[in-house]
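Asker: Dropping the structure in here first, questions after.
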DNA sequence: GTGAAAGCGCTAACAT
DNA sequence: ATGTTAGCGCTTTCAC
């Protein structure tokens with residue numbers, strides 16, 4: 326059985342409340358008794374019962390981070406940074422990976438957040454925006470990180486400005502490199518995900534502005550990971566008609582595409598230029614190194630940590646400060 | 326404020342315990358009252374208070390998984406599979422990533438396990454073996470997964486037999502391919518980690534048996550990730566004298582090495598053969614595809630999930646069944 | 001400086 | 001079939 330305050334109280338021949346005060350270093354307890362109690366606690370390996378403390382205090386000092394896939398390197402890097410950040414404020418992070426499944430996410434929301442097993446949550450991904458919005462209205466500390474704030478969402482959001490970088494990227498491909506047939510691989514508006522939709526939307530918009538067609542045959546949807554990239558690569562190989570450049574939804578997808586094409590002797594970027602988004606660590610040193618858009622993970626994490634902790638401490642976040650946006654940056658390397 | 330049984334009881338004009346029984350579908354409650362109560366609960370969006378339930382029942386239905394780095398693809402794939410597995414038994418998984426830091430892991434052990442915030446834990450990595458052993462003696466359900474059971478450790482362990490596969494791998498490199506200078510990159514015995522040490526130890530042992538030297542200059546220690554591989558690659562390039570084959574601690578390290586060498590025009594496997602261990606998804610489709618050792622992740626996860634749940638249900642695991650070992654398998658692809 | 005008592009939200013044994 | 005009561009482990013008044 327686990328050691329409780331009661332056990333310690335018996336051995337020390339004092340009351341439970343005295344033990345509680347002693348271990349919480351209350352000034353009203355005699356230094357000698359305090360020492361005595363501390364020694365006994367130490368000897369018995371006492372650790373406070375989390376659920377009991379949580380029930381009493383109303384807080385668990387736990388924050389959950391909700392991501393799509395734990396095996397996406399962007400998410401795992403971001404998670405690590407955020408964890409570091411909130412630890413400074415005395416919070417621990419528990420990771421919930423939904424694998425993009427709406428029901429699974431909902432279960433996590435219920436069993437972790439609504440049930441008060443954690444004090445708050447950071448969503449790096451979501452398919453339950455309405456539910457989340459409702460929870461936030463009910464006063465549960467929540468924020469979005471790296472996800473554009475759409476519609477009537479009132480939840481504090483830490484975000485990056487992808488638009489100008491995608492603009493820079495396409496400008497680079499079109500004006501500097503003379504590409505005319507620029508394809509896209511990733512999730513499109515068929516997806517529920519606002520963020521994913523956004524990348525595609527910007528791509529379409531910029532092509533429009535340049536008067537270039539976004540041809541059906543150069544657009545590969547429903548893919549967002551390395552394996553998806555492999556598949557896109559296969560399709561490109563099988564098609565007669567290929568784009569001269571391919572803008573990918575994220576780095577992992579891009580690396581999958583490059584892999585497949587390279588194996589078939591297609592030269593990157595000679596035959597097809599390929600770009601990513603995220604700038605995961607690996608992409609600096611792939612073959613060829615990936616031209617991509619850097620997302621400011623450190624700034625995002627720093628800001629997200631602070632914002633959530635503010636919320637947890639009951640600070641009202643003024644509406645106009647509830648969205649922070651950091652610039653992204655085009656990183657030109659060898660793949661385009 | 327959150328909705329409690331009390332709130333529901335007031336609206337339904339019944340006692341708290343009636344509400345509790347109704348929502349727990351007790352047969353003693355009138356069907357009509359039950360319906361009425363359920364409706365109110367639904368309308369108010371009632372979710373049971375986790376800490377209160379945990380305090381009462383002594384269980385949280387949460388399991389924590391402790392890994393080294395969340396951004397290691399082997400760990401994240403394994404974590405995902407285990408999560409799936411334990412969900413079948415009604416448990417949720419919370420991921421704790423220690424980044425290999427002993428103190429950080431200790432904090433997690435205290436704040437999650439000893440404090441009863443989770444019912445049990447799966448360690449895919451640890452630097453606090455002694456503490457963990459003590460906890461297990463005290464009856465906390467714990468298991469190791471993919472970590473050799475060393476010394477006097479009595480904790481149930483699900484493991485793979487790497488020895489025969491490393492043997493197969495070296496046999497293949499030496500007898501089939503005629504390699505004489507086989508290097509090693511990864512962590513060595515300088516590390517505290519039993520598992521890491523083991524890989525190196527087996528490598529040494531097999532070379533010994535073949536009467537081949539394990540030359541200092543071909544051994545690169547203190548690396549275990551992609552960036553480490555990049556660094557090893559640099560060192561190999563700078564050295565006059567190169568091994569003809571390099572056995573890497575894991576796939577990510579191997580991919581880092583291959584990347585750096587390829588960029589310098591060194592042919593893999595022509596100039597240097599490179600092998601990994603893990604068989605992460607990506608390695609089937611890298612360039613060249615990686616020769617590696619497959620670890621039976623599905624079997625490990627399945628077995629680990631079952632073992633921990635048995636423990637959680639109070640089943641004694643007979644000593645001789647407390648270690649399960651699954652075979653691994655040499656996967657020959659293009660990099661060696 | 002220390003102890004007694006109440007209560008956080010929930011469940012279950014025991015009335016009625 | 002429903003209500004009363006006690007208690008899980010802890011903290012926090014309020015007495016003494």
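Residue numbers (my numbering), protein chains in the order written: chain P, 326 to 661; chain A, 326 to 661.
For glycine and all other residues, C-beta sits at the position ideal for the given N, C-alpha and C.
Taking only three categories from DSSP, how would you classify residue 663 of chain A?
Answerer: Since the displayed chain A opens at 326 and closes at 661, residue 663 of chain A lies outside it and no answer follows.
Asker: So, at 6 Å on beta carbons, what are the nonlocal neighbours of residue 562 of chain P in its own chain, with the 5 sequence-adjacent residues on each side left out?
Answerer: 589
Asker: Look up residue 603 of chain P in the DSSP assignment and say whether it is helix, strand or coil.
Answerer: Looking at residue 603 of chain P - three-state DSSP - the assignment turns out to be strand.
Asker: In the DSSP output, which residue or residues are listed as bridge partners for residue 448 of chain A?
Answerer: A/391 and A/469
Asker: Should residue 618 of chain P go down as buried or exposed, given a rule of 16 or more other Cβ atoms within 10 Å for buried?
Answerer: buried
Asker: Under a Cβ-count criterion, where at least 16 other Cβ atoms within 10 Å of its own Cβ denotes burial, should residue 394 of chain P be classed as buried or exposed?
Answerer: buried
Asker: Any idea if residue 504 of chain P is buried or exposed, counting beta-carbon neighbours within 10 angstroms, 16 or more meaning buried?
Answerer: buried
Asker: Which one or two residues does DSSP pair with residue 585 of chain A in a beta bridge?
Answerer: According to DSSP, which records beta bridges pairwise, residue 585 of chain A is partnered with nothing at all.
Asker: Which stretch, first to last residue, makes up the beta strand (DSSP E) that contains residue 510 of chain A?
Answerer: 507–511
Asker: Would residue 631 of chain A pass as a contact of residue 651 of chain A if the rule is Cβ separation under 8 Å?
Answerer: no
Asker: Cβ of residue 662 of chain A within 8 Å of Cβ of residue 375 of chain P?
Answerer: For chain A, the structure presents residues 326 to 661; residue 662 of chain A sits outside this window and is missing.
Asker: Let me see if you follow: with CB-CB separation under 8 Å, is residue 402 of chain A close to chain P or not?
Answerer: Answer yes: the Cβ-Cβ gap between residue 402 of chain A and chain P drops below 8 Å somewhere.
Asker: Counting only beta-carbon atoms, is residue 552 of chain P nearer than 8 Å to chain A?
Answerer: yes
Asker: Given that residue 372 of chain A touches chain P, what residues does it touch there, using C-beta distances under 7 Å?
Answerer: 435, 439 and 440
Asker: Am I right that residue 416 of chain P and residue 387 of chain P are in contact with their C-beta atoms under 8 Å? What's the rounded C-beta distance?
Answerer: 7 Å
Asker: To the nearest angstrom, report how far apart residue 358 of chain P and residue 378 of chain P are at their CA atoms.
Answerer: Taking the CA atoms as reference points, residue 358 of chain P sits about 23 Å from residue 378 of chain P.
Asker: Under 7 Å Cβ-Cβ, which residues of chain P neighbour residue 480 of chain A?
Answerer: Going along chain P, no residue has its Cβ under 7 Å from residue 480 of chain A, so there is no contact; the nearest lies around 18 Å.
Asker: Quick check on residue 517 of chain P - is its C-beta less than 8 Å from some C-beta in chain A?
Answerer: The predicted model places residue 517 of chain P with a pLDDT of 46, which falls under 50 and marks its position as unreliable, so this point remains unresolved.
Asker: Please confirm whether residue 612 of chain P has its beta-carbon closer than 8 Å to some beta-carbon of chain A.
Answerer: yes
Asker: What's the C-alpha gap between residue 478 of chain A and residue 461 of chain A?
Answerer: Within the model, the alpha-carbon separation for residue 478 of chain A versus residue 461 of chain A is close to 10 Å.
Asker: Evaluate residue 437 of chain A with the Cβ neighbour count: other Cβ atoms within 10 Å of its Cβ, from every protein chain shown; 16 or more gives buried, anything less gives exposed.
Answerer: buried
Asker: Write down every uninterrupted run of the beta strand (DSSP E) in the stretch 330–371 of chain P whose length is 3 residues or greater and which is fully enclosed by it, in chain order.
Answerer: none
Asker: Kindly list the residues whose CB is nearer than 8 Å to the CB of residue 527 of chain A, restricted to its own chain and excluding five residues on each side of it in sequence; keep chain order.
Answerer: 487, 488, 491 and 492
Asker: Could you compute how far the alpha carbon of residue 326 of chain A sits from the alpha carbon of residue 403 of chain P?
Answerer: Taking C-alpha positions only, residue 326 of chain A is separated from residue 403 of chain P by approximately 32 Å.
Asker: Do residue 660 of chain A and residue 583 of chain A have their CB atoms nearer than 8 Å?
Answerer: Closer than 8 Å, so yes.
Asker: In whole angstroms, give me the CA-to-CA distance for residue 594 of chain P and residue 608 of chain P.
Answerer: Here the alpha carbon of residue 594 of chain P sits roughly 15 Å from the alpha carbon of residue 608 of chain P.
Asker: To the nearest angstrom, how far is the alpha carbon of residue 399 of chain P from that of residue 603 of chain P?
Answerer: A straight-line Cα-Cα distance of about 6 Å links residue 399 of chain P and residue 603 of chain P.
Asker: I need the straight-line Cα distance from residue 468 of chain A to residue 445 of chain A, nearest angstrom please.
Answerer: If I take the Cα positions, the gap works out to 8 Å.
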